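In our numbering, the protein residues as written are 12 to 189. Note that beta-carbon positions come from the ideal geometry of N, C-alpha and C, so glycine has one too. Since the model is a prediction, treat every value here as computed from it, not as a measurement. Structure, as structure tokens:
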Amino acid sequence: MGALEAKLRPAVDGMMADCAALALAHGATFEDLGTAVGITRQAASHRWGHLRGERIVVVISRRDRSHPAPEHDSRARVGEVGGSGQYDADRGWWPIGADVRAAAAHAVIAVDGEVRRVYAIDTGGWDSDGRKWRFRAVDDRPLPAQEIDRLHTAGDLPYRLGDPCPTKAGGAYRPERF
């Protein structure tokens with residue numbers, strides 16, 4: 012693979028996945044996708060089957076600011092605190108259900124409507140305060156950009172760094188199927 016192809020392939024694959032997701036959201040079938048790109052329905056289903064919504068990602072959205080933590084919270088500040096405290100601020104305490112805890116492999120942190128960090132979730136690492144939960148990331152750090160791009164291209168992650176990810180009604184935390 013040439014240097015140019017190595018740079019272009021992930022970008023083109025990502026754009027094709029975005030277009031396939033949009034088409035599926037508007038009622039297209041895998042037969043339609045296959046016909047559009049010259050492959051069989053089975054090949055389209057294999058390539059973009061992950062877009063059907065069988066996977067879950069934890070999405071935490073916030074504004075680009077920090078503020079004092081609520082009284083019951085052990086963190087001094089929450090939000091975009093920066094530095095070594097950012098990991099704990101991102102983890103937070105959220106009302107995350109058992110099905111999401113069992114299925115989510117990643118947590119996406121969006122700031123002002125744009126993906127800023129992604130964590131791989133340690134599947135055995137959920138902490139509880141008795142009412143809410145917080146994830147524990149593999150190696151206690153966000154994933155590097157190259158790994159996020161690889162996961163997105165493979166269909167294992169719905170977002171890349173810098174992608175739009177607006178806050179939706181219901182608060183800062185939401186489970187998102189993809």
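- DSSP, reduced to helix, strand and coil, places Asp-29 within a helical segment of the structure shown.
- By the Cβ neighbour-count rule, Ser-139 is exposed, with fewer than 16 other Cβ atoms within 10 Å of its own.
- In the three-state DSSP reduction, Glu-91 falls in the coil class, being neither helix nor strand.
- In the DSSP assignment, Tyr-184 falls within the unbroken beta strand (DSSP E) covering 184 to 188.
- Three or more pairs of CB atoms, one per stretch, sit closer than 8 Å, so the stretch 166 to 182 contacts the stretch 124 to 131.
- If you look at Tyr-170, you'll find it isn't in any alpha helix (DSSP H); DSSP assigns it neither H nor E.
- Selection Asp-75, Leu-162, Ser-95 evaluated against Ile-120 yields Asp-75 as nearest (Cα-Cα).
- Rounded to the nearest whole angstrom, the CA to CA distance from Pro-81 to Phe-41 is 47 Å.
- Between the stretch 149 to 159 and the stretch 46 to 57, the count of Cβ pairs shorter than 8 Å is below three; the stretches do not touch.
- Ranked by Cα distance from Gly-136, the first of Lys-143, Arg-112, Arg-142 is Arg-112.
- Restricted to the stretch 62 to 148, the alpha helix (DSSP H) segments that are unbroken, complete and at least 4 residues in length are 97 to 102, 109 to 114, listed in chain order.
- For Arg-58, the uninterrupted alpha helix (DSSP H) segment begins and ends at 52 to 59.
- When DSSP states are grouped into helix, strand and coil, Leu-162 belongs to the helix group.
- Less than 7 Å separates the beta-carbon of His-117 from that of Val-68.
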